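Per our numbering, residue 456 is the first one in the sequence shown, and the count goes up by one each step.
The beta-carbon is built from N, C-alpha and C at its ideal position, and this holds for glycine as well.
Owing to the predicted nature of the structure, the values given are computational and were not obtained by experimental measurement.
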Amino acid sequence: MHRTEVVRNILSWYEGETPGLKSNLSRLLMHGRLGGTGRMVILPVDQGFEHGPARSFAPNPAAYDPHYLYELAIESGVSGYAAPLGLLEQGADTFAGEVPLILKVNSGNSLVSNNDQALTGTVDDAMRLGCIGVGFTIYPGSECSYDMIEELRDVSHYAKSRGLISVVWSYPRGGKVTKDGETGTDIIAYAAHMAALMGATIIKVKLPTAHIDLDAAKSTYEKYPVDSKNMAGRVKHVMQAAFNGKRVVVFSGGAAKNTPELLEEVRAIREGGGNGSIIGRNSFQRPKEEAIDLLNQVMDIYA
C-alpha cells in the first residue's frame, strides 16, 4: 500500500527525527485495518507484570499462551502489538514480520507499594526482535518520577539513534495528584504535554474526566474554560496539550467494561481528534472470536 497523504502529513510533524524513525512510524500507521487513516488501535499485553497472571488471563485461559496473543493481534488486524520482553520473544520468530511490535522496556508489579518501574528490556532487545519501537511508562507526580523521566531520556535517545519510535505511557499518580486527579482533565493534559516535551513519538494516556485537580490550575481553567463536560471536549483539550495535535495520542481502554461503554468512549476519542485506542484487557480477556469482533467494531468507528 502506498503511503497516504494523511500519513505523510503526520510524519511531517516529527521534525528533526531520522528517516529510520519515520519509516517505523509509517509502518505502524500503514498496518492493519486502519492503515493509512491516521488512526490506530494497538494491543498491549503488559498486564501480567502489572497485575499478575490470574488477574490478567484467568477470564480467558487461552491468553496464557504467548502465541495466542500474537494470533489475536494478527487476525484482528490491529496496528501493532506491545508487550514485555518474554512475551515478544515467545513468538517473534514464528510470527516475524506479521505485525509491528513494540517492546515495553519497563514494568512495575503489584508486589511493591511505591510508584516506580524497573527496566525489563533494552533497545538492543527491540532491535534483535525486529520491533518498530519501545514503550516506556512514567508516573508524573510520584516520588520516583524524576528518576523515571531521566531513564526515559536515555532510553528514548538511544532508541531514536537506532531509528525506533518511543511510545510513552504517561500515567500521573502520587505527589500532589489525588486519586480522582489521576484522570482529571488538567492532570491528563499535563501528562500528555510532559510526554511530548520528552520527545515521545506516540503518547498513551487515560481518558480524562471532568475533574480539575491542581489548586494552582483551577483559576486558569475558570478564566480560560475548556469543554470539560463532555468526553470529546476533554479529548480535544488533551490533543491541544500534545503540541496542538501534532503528536499521535492514543487512549487507554482501562479496566474491563462492557462493549457499549467501550464503544461510546471510542466515539468520543474520534470526535475529539484523538488518534486511537490501546486496548488490552477489554480484548484478550474475551474469547478470540468475541475479542476480534470487538476490535473490529472499534476500528470501524475510527475508520
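- Message: With three or more C-beta pairs closer than 8 Å as the rule, is the stretch 705-723 touching the stretch 481-493?
- Response: As far as the Cβ criterion goes, the stretch 481-493 does not touch the stretch 705-723, which means the pair count is below three.
- Rounded to whole angstroms, what's the CA-CA distance from Ser562 to Gly471? Just pull it up for me. Along the sequence shown, one-based indexing puts residue 562 at 107. Along the sequence shown, one-based indexing puts residue 471 at 16. Ser562 and Gly471 have their alpha carbons spaced roughly 29 Å apart.
- Take the Cβ of Val567 as the centre, count every other Cβ of all protein chains shown within 10 Å, and call the residue buried at 16 or more, exposed below. Mapped onto the sequence shown, residue 567 falls at position 112. When all chains shown are included, Val567 counts as exposed.
- Anyone know if the C-beta pair for Ala537 and Ile497 falls short of 9 Å? For this step, residue 537 is matched to residue 82 along the sequence shown. For this step, residue 497 is matched to residue 42 along the sequence shown. In this structure, Ile497 lies closer than 9 Å to Ala537 by Cβ.
- If you draw a straight line from the C-alpha of Gly585 to the C-alpha of Thr638, how long is it? By 1-based counting over the sequence shown, the position of residue 585 is 130. By 1-based counting over the sequence shown, the position of residue 638 is 183. So the alpha carbons of these two residues sit roughly 34 Å apart.
- Where Gln752 falls, given that 16 or more other Cβ within 10 Å makes a residue buried: Position 297 of the sequence shown, counting from 1, holds the residue named residue 752. Counting Cβ neighbours within 10 Å, Gln752 comes out exposed, since fewer than 16 surround it.
- Item | Contact set for Pro499: own chain, Cβ-Cβ below 6 Å, skip 5 residues either direction | Locating residue 499 in the sequence shown gives position 44, counting from the first residue. Only residues of its own chain outside the window of five on either side were considered, and among them Ala537, Ile733 and Gly735 have a CB closer than 6 Å to the CB of Pro499, listed in chain order.
- Query: Are His648 and Ala697 touching if we call contact CB-CB under 9 Å?
  - Reply: Position 193 of the sequence shown, counting from 1, holds the residue named residue 648. Position 242 of the sequence shown, counting from 1, holds the residue named residue 697. Taking 9 Å as the Cβ cut-off, His648 and Ala697 qualify as a contacting pair.
- Task: Ignore the nearest five residues each way along the sequence and tell me which others in Asp682's own chain have a CB closer than 6 Å to its CB.
- Result: Position 227 of the sequence shown, counting from 1, holds the residue named residue 682. Same-chain partners within the cutoff: Gly688.
- Query: Taking buried to mean at least 16 other C-beta atoms within 10 Å of its own C-beta, is His612 buried or exposed?
  - Reply: Residue mapping note: residue 612 aligns to position 157 of the sequence shown, counting from 1. So His612 ends up on the exposed side.
- To which residues of the same chain is Leu476 closer than 8 Å at the C-beta, ignoring the five residues directly before and after it? As a first step, residue 476 is located in the sequence shown; it is residue number 21 there, counting from the start. Cβ neighbours of Leu476 beyond the five flanking positions: Tyr469, Lys615, Gly618, Leu619, Ile620 and Thr656.
- Would you list the residues sitting across from Lys592 in a DSSP beta bridge? Indexing the sequence shown from 1 puts residue 592 at position 137. Here the sequence assigns Thr to residue 592, which means Lys is not the residue at that position. Paired residue(s): Trp624.
- Message: Using the Cβ count rule (16 or more neighbours within 10 Å means buried), how would you classify His692?
- Response: Translated into positions along the sequence shown, residue 692 becomes position 237. So His692 ends up on the buried side.
- Roughly how many whole angstroms lie between the Cα atoms of Leu527 and Tyr626? Residue mapping note: residue 527 aligns to position 72 of the sequence shown, counting from 1. Residue mapping note: residue 626 aligns to position 171 of the sequence shown, counting from 1. Taking the Cα positions, Leu527 is about 26 Å away from Tyr626.
- Task: Using alpha carbons as the reference points, say which of Ser738, Asn730, Ala746 and Arg741 lies closest to Arg494.
- Result: One-based indexing of the sequence shown puts residue 494 at position 39. Closest option to Arg494, Cα to Cα, is Asn730.
- Task: Go ahead and label Gly503 buried or exposed: buried means 16 or more other beta carbons lie within 10 angstroms of its beta carbon, across all protein chains shown.
- Result: Position 48 of the sequence shown holds residue 503. Under this definition Gly503 is a buried residue.
- Does the beta-carbon distance from Gly629 to Asn570 come in below 9 Å? The residue labelled residue 629 in the question sits at position 174 within the sequence shown. The residue labelled residue 570 in the question sits at position 115 within the sequence shown. Yes, these two residues count as a Cβ contact at 9 Å.
- Message: Between Asn737 and Leu749, how many whole angstroms is the CB-CB distance? I'm expecting something under 8 Å.
- Response: Position 282 of the sequence shown, counted from the start, is the residue given in the question as residue 737. Position 294 of the sequence shown, counted from the start, is the residue given in the question as residue 749. 7 Å between Cβ atoms; contact.
- Message: Less than 7 Å between C-beta atoms, sequence neighbours within five positions excluded: which residues of the same chain meet that for Pro521?
- Response: Walking along the sequence shown from the start, residue 521 turns up at place 66. Setting aside the 5 residues that flank it on each side, Pro521 is surrounded in the same chain by Leu542, Gln545 and Gly546, each with a C-beta closer than 7 Å to its C-beta; the list follows chain order.
- Reduced DSSP category for Gly700 - H, G, I as helix; E, B as strand; rest coil: Indexing the sequence shown from 1 puts residue 700 at position 245. Per DSSP, reduced to three states, the secondary structure at Gly700 is coil, with no helix or strand assignment.
- Message: For the beta strand (DSSP E) containing Ala537, name the first residue and the last one.
- Response: One-based indexing of the sequence shown puts residue 537 at position 82. Counting along the chain, Ala537 sits inside the beta strand (DSSP E) bounded by residues Gly535 to Ala538.
- Hey, would you say Leu759 sits closer than 9 Å to Leu466, going by beta carbons? For residue 759 there is no data in the structure shown, the boundaries of the chain being 456 and 758.
- Limits of the unbroken beta strand (DSSP E) element including Lys659: To locate residue 659, count along the sequence shown from 1; it is residue 204. Residues Ile657 to Val660.
- Query: CA-CA distance, Lys631 and Glu745?
  - Reply: Taking the sequence shown and counting its residues from 1, one reaches residue 631 at position 176. Taking the sequence shown and counting its residues from 1, one reaches residue 745 at position 290. The straight-line gap from Cα to Cα measures roughly 41 Å.
- Can you tell me which of Tyr679, Arg702 and Glu598 puts its alpha carbon nearest to the alpha carbon of Gly728? In the sequence shown, residue 728 corresponds to position 273, counting from 1. Considering only alpha carbons, the answer is Arg702.
- Report the partner residues of Ala573 according to the DSSP bridge assignment. The residue labelled residue 573 in the question sits at position 118 within the sequence shown. DSSP, once it has assigned bridges, lists Ser562 as partnering Ala573.
- Between which two residues does the alpha helix (DSSP H) carrying Val578 extend? One-based indexing of the sequence shown puts residue 578 at position 123. For Val578, the enclosing alpha helix (DSSP H) begins and ends at Val578 to Arg583.
- How big is the Cα-Cα spacing for Ala672 and Ile658? Start at 1 with the first residue of the sequence shown, and residue 672 comes out as number 217. Start at 1 with the first residue of the sequence shown, and residue 658 comes out as number 203. Roughly 22 Å separates the two Cα atoms.
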